[in-house]
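Visitor: Next up is a structure, given as structure tokens.
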Amino acid sequence: MAESYDVIIIGAGPGGYVAAIRAAQLGLKTAVVEREHLAGICSNWGCIPTKALLRSAEIMHYAEHATDYGLKIEGKVTPDLAAIVARSRGIAARMNGGVGILMKKNKVDVIWGEAKITKPNEIVVSKTTKKPMEPQVPPPKNTKGEGTYTAKHIIIATGARPRALPGIEPDGKLIWTYFEAMSPKEMPKSLIVMGSGAIGIEFASFYRTMGVDVTVVELMANVMPVEDAEISKFAQKRFEKQGIKFLLEAKVTKVEKGANSVTAHVELKDGKVEKLTADRLISAVGVQANIETIGLEAVGVATERGIVKIDEYCRTSVPGIYAIGDVAGPPMLAHKAEHEGVVCVEKIAGLHPHPLDRLLVPGCTYCNPQVASVGLTEAKAKEKGLDIRVGRFPFVANGKAVALDEDQGLVKTIFDKKTGQLLGAHMVGAEVTELIQGFVVAMNLETTEAELMHAIFPHPTLSETMKESVLDAYGQALNI
0 MAESYDVIII
10 GAGPGGYVAA
20 IRAAQLGLKT
30 AVVEREHLAG
40 ICSNWGCIPT
50 KALLRSAEIM
60 HYAEHATDYG
70 LKIEGKVTPD
80 LAAIVARSRG
90 IAARMNGGVG
100 ILMKKNKVDV
110 IWGEAKITKP
120 NEIVVSKTTK
130 KPMEPQVPPP
140 KNTKGEGTYT
150 AKHIIIATGA
160 RPRALPGIEP
170 DGKLIWTYFE
180 AMSPKEMPKS
190 LIVMGSGAIG
200 IEFASFYRTM
210 GVDVTVVELM
220 ANVMPVEDAE
230 ISKFAQKRFE
240 KQGIKFLLEA
250 KVTKVEKGAN
260 SVTAHVELKD
270 GKVEKLTADR
280 LISAVGVQAN
290 IETIGLEAVG
300 VATERGIVKI
310 DEYCRTSVPG
320 IYAIGDVAGP
330 PMLAHKAEHE
340 GVVCVEKIAG
350 LHPHPLDRLL
360 VPGCTYCNPQ
370 VASVGLTEAK
380 AKEKGLDIRV
390 GRFPFVANGK
400 AVALDEDQGL
410 VKTIFDKKTG
420 QLLGAHMVGA
430 EVTELIQGFV
440 VAMNLETTEA
450 ELMHAIFPHP
460 TLSETMKESV
470 LDAYGQALNI
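Residues 0 to 479 (numbering that gives the first Met the number 0) are what the sequence shown spells out, left to right.
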């Protein structure tokens with residue numbers, strides 16, 4: 000007889016394992032199926048280990064500029080690539096193992112293998128065919144294997160994988176995805192990055208700091224096209240000052256492979272084709288949801304444009320089947336997946352969670368300088384026909400930023416002129432990925448400019464730029 004659960008989650012990434020923990024907290028008998036590694040792409044090959052790489056780059060940058068802080072370092076600072084990669088992979092392994100501990104602590108069963116939905120309340124788990132990738136951490140002791148399992152509720156949390164363009168498919172040697180870019184065997188001398196979203200820009204920033212000649216090719220008119228145009232342009236100038244080159248409104252149409260190099264044919268805005276040769280090319284043109292081979296068609300789960308269709312509580316077209324995270328569409332971010340997992344499970348348990356408001360999902364890019372945002376851009380607010388006030392405050396006028404020698408940054412806030420509602424906040428500069436949560440909390444509380452102006456921000460801090468930006472929107476900035 001098949002073992003039965005209240006909830007089975009397919010995929011143990013951020014959305015899946017968080018959903019499993021919350022389900023267990025609510026007293027539901029819960030299992031999670033994983034074919035490869037606990038904690039998913041985010042902790043193993045994405046969010047966390049990339050930040051470890053970027054931290055190494057940050058330390059190297061500070062070491063190279065030690066004299067700016069009145070310090071002397073004898074000799075040239077050189078990266079130890081093997082040690083940098085080993086540190087990053089070790090951190091990934093630590094995160095992986097931590098999720099195993101959480102599963103055991105919360106009495107969540109881990110079913111090891113590949114799941115396929117055979118009925119609305121049944122899955123069959125078979126031996127995984129996925130080739131293991133580092134880090135390999137032993138499965139927790141509460142692990143089950145192949146077989147048939149039933150559940151009142153099945154949550155799909157299978158995530159996404161790098162998107163490949165026809166004719167420019169990654170080969171693991173010359174054309175990389177983020178997998179290869181995170182663990183190179185040797186440092187290339189030159190690099191082409193195809194795409195300037197978060198993944199592309201973070202790798203461009205890392206490799207440039209390591210001394211690599213980097214060129215970024217972007218189809219849209221702005222770097223990081225989802226960001227506010229003013230923030231994007233500010234960031235681009237900083238990137239260019241570091242030596243990163245950009246080809247905007249351009250696309251790679253063809254790639255020729257050499258013995259140890261690639262030549263990209265780049266079609267420019269005017270139709271002309273420029274040939275770029277580099278040691279390696281990173282394909283960072285987005286991701287696609289993992290919706291294949293899990294039985295969606297057989298049970299009638301509706302999909303649209305490559306993602307699973309869901310309602311505001313993550314319910315699919317088939318009762319008892321749900322989808323969360325990347326597989327359910329943008330924004331394809333770990334924290335969005337986690338929040339959806341909690342909303343989904345609480346609805347299953349009979350609670351009354353608020354549906355996810357995608358407008359309130361913050362975005363962060365951990366390049367140098369960092370970029371963070373939440374809510375509407377200025378352009379989107381105008382497209383909606385809103386009458387707005389816009390405030391700006393530069394880091395160069397902030398004492399803490401000057402003391403840190405991090406005075407190149409900008410905070411931009413957008414308000415509804417009639418109501419004072421904070422519609423969006425956009426930031427570029429040091430530590431803005433840590434600062435953005437202040438605006439996220441404010442927007443969730445439906446804060447107006449009055450509350451933000453009345454709040455006392457500590458001095459000296461970078462956070463003072465946030466309040467000054469609000470003051471500027473209403474003609475009351477004090478330090479500029």
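Cβ coordinates follow ideal geometry from the N, Cα and C atoms, glycine included.
Being a predicted model, the structure only gives us computed values, none of them experimental.
With three or more beta-carbon pairs closer than 8 Å as the criterion, would you say the segment 456 to 475 touches the segment 405 to 412?
Guide: At 8 Å Cβ cutoff, the stretches touch.
Visitor: Write down every uninterrupted run of the beta strand (DSSP E) in the segment 185 to 258 whose length is 3 residues or greater and which is fully enclosed by it, in chain order.
Guide: Segments of the beta strand (DSSP E) lying fully in the segment 185 to 258: 189 to 193, 212 to 216, 244 to 246, 250 to 256.
Visitor: How long is the line joining the alpha carbons of S260 and K172, rounded to whole angstroms?
Guide: Whole-angstrom Cα-Cα distance: 9 Å.
Visitor: Label Y68 either buried or exposed according to how many other C-beta atoms from any shown protein chain fall within 10 Å of its C-beta, with 16 as the threshold for buried.
Guide: Looking at its Cβ environment, which holds fewer than 16 other Cβ atoms inside 10 Å, Y68 is exposed.
Visitor: Identify every residue that forms a DSSP beta bridge with C41.
Guide: None, per the DSSP bridge assignment.
Visitor: Pick from Q475, M209, E382, A429: whose alpha carbon is nearest that of A400?
Guide: With distances taken between Cα atoms, A400 lies closest to A429.
Visitor: Secondary structure at M465, three-state DSSP: helix, strand or coil?
Guide: In this structure, M465 counts as helix in the three-state DSSP scheme.
Visitor: Quick one: using the 10 Å Cβ neighbour count with 16 as the cut-off for buried, is L358 buried or exposed?
Guide: So L358 counts as exposed.
Visitor: Run through DSSP, which three-state label would T108 get?
Guide: One point to set straight first is that residue 108 is Asp, not Thr, in the sequence displayed. If DSSP states are grouped into helix, strand and coil, D108 belongs with the strands.
Visitor: With distances taken between CB atoms, is the gap from A38 to T29 smaller than 8 Å?
Guide: Contact flag unset, no.
Visitor: Nearest CA to the CA of F438: which residue from L422, E2, E179?
Guide: For F438, the nearest C-alpha among the options comes from L422.
Visitor: Classify L52 as helix, strand or coil using the three-state DSSP reduction.
Guide: It is helical.
Visitor: Which of helix, strand or coil does DSSP assign to C343?
Guide: In this structure, C343 counts as helix in the three-state DSSP scheme.
Visitor: Exposed or buried, which one is T292 when buried takes at least 16 other CB atoms within 10 Å?
Guide: Under this definition T292 is an exposed residue.
Visitor: At the level of alpha carbons, what is the spacing between V213 and K268?
Guide: Approximately 20 Å, taken between the alpha carbons.
Visitor: Tell me the DSSP secondary structure of G99 in three-state form.
Guide: Residue state, collapsed to three classes: helix.
Visitor: Considering just the uninterrupted stretch of the alpha helix (DSSP H) at P13, what are its terminal residues?
Guide: Here the alpha helix (DSSP H) through P13 covers 13 to 24.
Visitor: For T302, which residues of its own chain have a beta-carbon under 7 Å away from its beta-carbon, when the five flanking residues on both sides are left out?
Guide: Excluding positions up to five away in sequence, the list reads I290, L295, K308.
Visitor: Consult DSSP for T432 and reduce its assignment to one of helix, strand or coil.
Guide: In this structure, T432 counts as helix in the three-state DSSP scheme.
Visitor: DSSP on D404, reduced to helix/strand/coil?
Guide: Reduced to three states, the DSSP call for D404 is coil.
Visitor: Let me check understanding here. Comparing Cα to Cα, which of L70, R93, D5 lies closest to Y108?
Guide: According to the sequence shown, residue 108 is Asp rather than Tyr. Nearest of L70, R93, D5 to D108, Cα basis: D5.
Visitor: Is it the case that the Cβ atoms of P368 and A228 are separated by a distance below 8 Å?
Guide: No. Outside cutoff.
Visitor: Mark D310 as exposed unless 16 or more other C-beta atoms lie within 10 angstroms of its C-beta, in which case mark it buried.
Guide: Exposed, since its Cβ has fewer than 16 Cβ neighbours within 10 Å.
Visitor: Rounded to the nearest angstrom, what separates E226 and M442 at their Cα positions?
Guide: One C-alpha to the other measures close to 18 Å.
Visitor: Flag this pair as yes or no: are the beta carbons of A263 and V254 separated by less than 8 Å?
Guide: In this structure, V254 lies closer than 8 Å to A263 by Cβ.
Visitor: Apply the 10 Å Cβ neighbour rule to R279 and answer buried if 16 or more other Cβ atoms are within range, or exposed otherwise.
Guide: Its Cβ being crowded by 16 or more others within 10 Å, R279 is buried.
Visitor: Distance check for A1 and K106, CA to CA, integer angstroms please.
Guide: Rounded to whole angstroms, K106 to A1 spans 19 Å at the Cα level.
Visitor: Since L25 contacts A348 with CB under 8 Å, what's their CB separation in whole angstroms?
Guide: So it is a contact: roughly 4 Å between Cβ atoms.
Visitor: Can you give the Cα-Cα distance for P165 and S282, rounded to whole angstroms?
Guide: Spanning the two alpha carbons is a distance of roughly 12 Å.
Visitor: Is V360 helix, strand or coil when you go by DSSP?
Guide: It is coil, neither helix nor strand.
Visitor: Would you report the Cα separation of T208 and H351, rounded to the nearest angstrom?
Guide: If I take the Cα positions, the gap works out to 48 Å.
Visitor: DSSP three-state call for A476: helix, strand or coil?
Guide: Residue state, collapsed to three classes: coil.
Visitor: How many whole angstroms separate the CB atoms of L53 and S204, which I take to be in contact at a CB cut-off of 8 Å?
Guide: Indeed they touch by this definition, with Cβ atoms about 7 Å apart.
Visitor: Should E337 be labelled buried (16 or more other beta-carbon atoms within 10 Å of its own) or exposed?
Guide: Counting Cβ neighbours within 10 Å, E337 comes out buried, since at least 16 surround it.
Visitor: Check for me: the alpha helix (DSSP H) holding F492 runs from which residue to which?
Guide: In the structure displayed, the chain extends from 0 to 479; residue 492 sits before or after that span and is not available.
Visitor: Can you check the segment 263 to 328 for any alpha helix (DSSP H) of at least 4 residues that lies completely inside it and give the ranges in chain order?
Guide: Fully enclosed alpha helix (DSSP H) runs of 4 or longer: 295 to 298.
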